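Numbering of the sequence shown is given in numbering that gives the first Met the number 0, commencing with residue 0 and proceeding in unit increments.
Yeah, the Cβ is synthetic: ideal placement off N, Cα and C, and Gly gets one too.
If you're wondering where the values come from, they're calculated on a predicted model, not measured in any experiment.
Some notes on the structure that comes next.
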Amino acid sequence: MARVSGTGEAVYRGWMLAADRYRAFAAALAARGVVLRTSPAQYRQAHELPGWYGALAEVTPRSVWTVGAERSAFEEASARLGGGPAVLRDYTKSMKHYWDEAMYIPDTADRDIAWAVAARFRELREDDFAGGFVLRRYEELTGPRYGPGGWRGSAGSSARTRTPRTRPRRPMWTCPASCRPSRRWDFPS
């Protein structure tokens, strides 16, 4: 903060922050006369699944969530989602690198197995656990637009991403000429 000089409006372009840390960051900047373009309330709404889910419910898997990490609330949310496979996360992050033990629930109707996945998720997230559990209906995505190297964007998009296991050291991003920057950016190997 000591290096912040001047007043006016600013845009935060850094690491993902927990909503309470973003709020504290905004307050510290405001004390120096700088106002973030994205308010703490707007940041929380966009950052945490319960804030944005209503606007995107028609185009994202069905989701239910808890407030907090209690087993009874988790089981109530599981019942609201209904039996079947689900993926688990908290309000902000998943544990995708622990798919079998802390993210994928084969059947939410199996309360003991579902809770074992949730308990492991909570253990791994430790102090970074945000808000509550989010259970999302698992959807099997197939076809040329999905799978390793695929992107869930609109048809005809040339954007490509890689999964964590196949990600090369250099970015694999291509875009039409109209979106290319005028300056070339080299990434270190």
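Annotated as distal: alanine 113 and alanine 72, with beta-carbon spacing of 9 Å or more. Taking the CA atoms as reference points, tyrosine 137 sits about 41 Å from alanine 27.
Taking all protein chains shown into account, tryptophan 64 has 16 or more neighbouring C-beta atoms within 10 Å of its C-beta and is therefore buried. Per DSSP, reduced to three states, the secondary structure at aspartate 111 is helical.
Pro60 is the residue among Ala118, Pro60 and Asp89 whose C-alpha sits nearest the C-alpha of leucine 80.
Rounded to the nearest whole angstrom, the CA to CA distance from alanine 17 to glutamate 139 is 30 Å. With fewer than 16 other beta carbons inside 10 angstroms of its own, leucine 55 counts as exposed.
Less than 9 Å divides the Cβ of glycine 83 from the Cβ of aspartate 106. For aspartate 99, the three-state secondary structure derived from DSSP is helix. Within its own chain, the residues whose Cβ lies closer than 7 Å to the Cβ of glycine 50, once the five positions on either side in sequence are excluded, are Arg43 and Gln44, listed in chain order. Looking only at Ala118, Val3, Glu8 and Val10, the smallest Cα-Cα distance to methionine 94 is reached by Ala118. Straight through space, the alpha carbons of arginine 121 and tyrosine 21 are spaced by roughly 22 Å. Just so you know, the alpha carbons of aspartate 99 and tryptophan 14 end up roughly 27 Å apart. Restricting attention to Gly53, Asp19, His46 and Gly5, the CA atom closest to the CA of alanine 30 is found in Gly5. A straight-line Cα-Cα distance of about 7 Å links arginine 110 and glutamate 74.
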